[in-house]
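Chains as they are written, first to last, in the working numbering: chain A, -14 to 305; chain B, 164 to 490.
Report on the following structure.
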Amino acid sequence: MISRLSDDRSRAAIAASIERRRVDTRGLLFRTLLQSCLLITLALLAVLLITVALDSTDQLGTRLWEFLQGTLRSRSEDERLGIHQGMYGSLWIAIIVAVLAFPIGIGAAVYLEEYAPRNRFTAFIEVNIRNLAGVPSVVYGLLGLALLLNGQIFGLDRLTGGSSALSGGITLAILVLPIVVITSGEAFRAVPIELREGAYGVGATRWEMIRTQVLPYAAPGILTGTLLSMARAVGEAAPLILVGAISGRLGDNPGLFDISALTDRFTALPIVITTWTVQSGRDVGFTAAAAAAIVVLLVFVLMMNSAAILLRNRFEKKRG
Amino acid sequence: MRKPRRRLLWLPVILVTLSLMAAACGGDEVEEEASAVSGEVSISGSSTVEPISIRVAELFEDVAPDVSVTVDGPGTGDGFKLFCEGATDISDASRQIKDAEKEDCFEAGITDIVELKVAVDGIALMTNASNDAVECLSFHQLFDLIGPNGEGTSTWAEASAGLPDAPLDIFGPGEESGTFDSFVEIVLEDQAEEAGVEATTRTDYSPSGDDNVILQGIQSSGTSLGWVGFAFAVNASGVKLLEVDGGNGCVEPTEAAIASNEYPVSRDLWIYVNADKAAANPAITAYLDFYVSDALTQAVNEVGYIPLTDAAHTETADRWHNRTLIS
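Have a look at this one:
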């Protein structure tokens, strides 16, 4: 066996490992290196979370309910200071992204993967979608500004009410659309060829094959990808600034499910966090408010992710 | 029988108290009228004036809870653009409206505009309290020291001939700050244009978004130089406020000198009102009635600007109540 190896060095290594029982120092070193990489990642995350959590106690510990109900204020000690307007904006942005980007994105992915012929043109389209996923978010903000606010195309600004949560949601839906197409496409590609051939073998049409085999099998993967993209949308601030999210004072404080406020001026959690962080230079109390807003955003994203995991587990059980 | 008689004895006392309370409330006409008003007010414009409009709106909320005031601060120029499109009711401005902007408004059919001065923004130039070598700086010297041409200089003398040969440590607000913009616009802009350089500061100074950090910087160096909003600097210890010469001799920064614009590093802050919209919308009228009342002084003090003198405040109130239009 050993003599068949062409490389002298590997022959020597194997001979050494067989003949001498010595400690594999290099292997151990490599393993420790990898472990410390993980440790650094976790430590950074822990430091971030702990400082934010500690900073937020001034707001969340003493006046949690008021903070969740309150509005943008100019002074941090104001008893009406709170996050409710930001929660309204972010909640509806998430809903609009789910309603718009998911069906369109998944639909486009189904067509690209299952129906479209493989030629230069579709390859060109796919490359472009991948590039679009890497375009900086500010650029999408500019697109939203031109499309939904300035009414340069189709007069859409009359529909969205100009600078509104609806405009913000649509802009971010466009932003995550390429990501949804890519992640869904990958989920479709992971469906085993045997499943498809089996379906065709019993006489299924292409539509029946997709409906009964491909979609159920790919569902968990699609779900993970789409919900991650939703978390991305909820965390974006730059496009919303261009779409005119308010950082000063927002007169109304609509209930979380008050649809009529969708076309009014709006703000969102990342905008509130940015504003309060800037204001903490002038008014130290805003440090706690900004930290509390970060905690609220984290909980919001965490809730979405756990919903995704629960749904995925259900789909996976079905599949098994 | 005893109990009812006792109650009867208390009745006149209660009645008198109630009528006194009613009289006290009735005394403030603004509040009684405003409490029933509802509607929306939309404000945009200068981010320098934004905090005043916000604070007034917050105080107004206690009087008229059904009026919804939304305030945004993209900048004076952007604010006038929206105002002249009819998108906003009130425009905050850190300068007076330009003729070109006025023309745009008039052409768009927005001809009834009320211009109101609401506060004065003053910036204090400071050095360490122990620094006896400098008392007064001219605009020209400030441009040499802090303007873009000062880049790379490390002593006062090197930056501006005639000043002491001592280390120059500069502390000021960062670019994102309204006080940074104010300083550039008031002191540096005109001179930069003359010198043919960009209207900004040198980049090699210590910027901070936190006024306290700027103060600590000034206190840390014996020959420091820096600038912050006057209201913040005037109460600070360990720093000396410098006199400034804007062309008419050295003027000491005091509240009175700033309110009268005698101190050169100061500027008036304005709001512009669309009078047609105000006439059609009682919420705007009620908000502005409140804006020009005593609440303005409280709000301006709280957000750190210099309130108007009594005479100027009266003039602002009169201009609003008489709807004095600009032409």
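Don't be surprised by glycine CBs; every beta carbon is placed ideally from N, CA and C.
- When rounded, the separation of the alpha-carbon atoms in Thr42/A and Ala93/A is 45 Å.
- Cβ contact annotation for Arg60/A (same chain, cutoff 7 Å, sequence separation greater than five): Asp268, in chain order.
- By DSSP's assignment, Lys280/B forms a beta bridge with Trp433/B.
- Across the stretch 255 to 280 of chain A, CB contacts with chain B closer than 7 Å involve Val263, Gly266 and Arg267, in sequence order along the chain.
- When the alpha-carbon of Gly236/B is set against those of Ala396/B, Ala287/B, Ser205/B and Glu264/B, the nearest one is in Ser205/B.
- Residue pairing from DSSP places Leu488/B in a beta bridge opposite Val277/B.
- Counting along the chain, the unbroken beta strand (DSSP E) around Leu388/B starts and ends at Ser387 to Gly392.
- A contact is defined here as three or more CB-CB pairs under 8 Å, and the stretch 151 to 165 of chain A meets this definition with respect to the stretch 206 to 217 of chain A.
- Judged by DSSP in its simplified three-state form, Ile217/B adopts helix.
- Just so you know, the alpha carbons of Ala287/B and Arg115/A end up roughly 53 Å apart.
- DSSP places Lys403/B within a strand segment (E or B) once states are collapsed to three.
- Using a Cβ-Cβ cut-off of 9 Å, Ser231/B counts as an interface residue toward chain A, since at least one Cβ of chain A sits closer than that to its own.
- Looking at the DSSP output, Gly136/A sits in no beta bridge, so it has no partner there.
- The beta-carbon separation of Leu282/A and Leu241/A, rounded to 15 Å, does not stay under the 8 Å limit for a contact.
- Using a CB distance cut-off of 9 Å, Leu235/A counts as an interface residue toward chain B.
- When Ala422/B, Ser369/B and Glu357/B are compared, the shortest CA-CA separation from Ala394/B is found for Ala422/B.
- Assignment of Val234/B by DSSP, reduced to helix, strand and coil, places it in the strand class.
- Closest in C-alpha terms to Asp295/B, from the list Asp374/B, Val226/B, Ser387/B and Ala446/B, comes Ser387/B.
- Taken in chain order, the complete alpha helix (DSSP H) segments of 4 or more residues contained in the stretch 353 to 383 of chain B are 374 to 383.
- In this structure, the alpha-carbon of Phe302/B lies about 7 Å from that of Val407/B.
- The three-state reading of DSSP puts Asp408/B in strand, counting E and B together.
- Chain A places no beta carbon closer than 9 Å to that of Arg258/B, leaving this residue out of the contacts.
- For Thr47/A, the closest alpha carbon among the candidates Val263/A, Ile80/A and Leu66/A is that of Leu66/A.
- Residue Gly409/B holds the alpha-carbon nearest to the alpha-carbon of Val350/B among Gly467/B, Gly409/B, Thr239/B and Gln461/B.
- Within the stretch 231 to 267 of chain A, the runs of alpha helix (DSSP H) that reach at least 4 residues and sit entirely inside it are, in chain order, 254 to 264.
- When the Cα atoms are used, Asp284/B and Thr417/B turn out to be separated by approximately 12 Å.
- Going by DSSP, Pro163/A is part of the alpha helix (DSSP H) stretching over Ala150 to Arg174.
- CA-CA distance, Leu245/B to Pro228/B, rounds to 26 Å.
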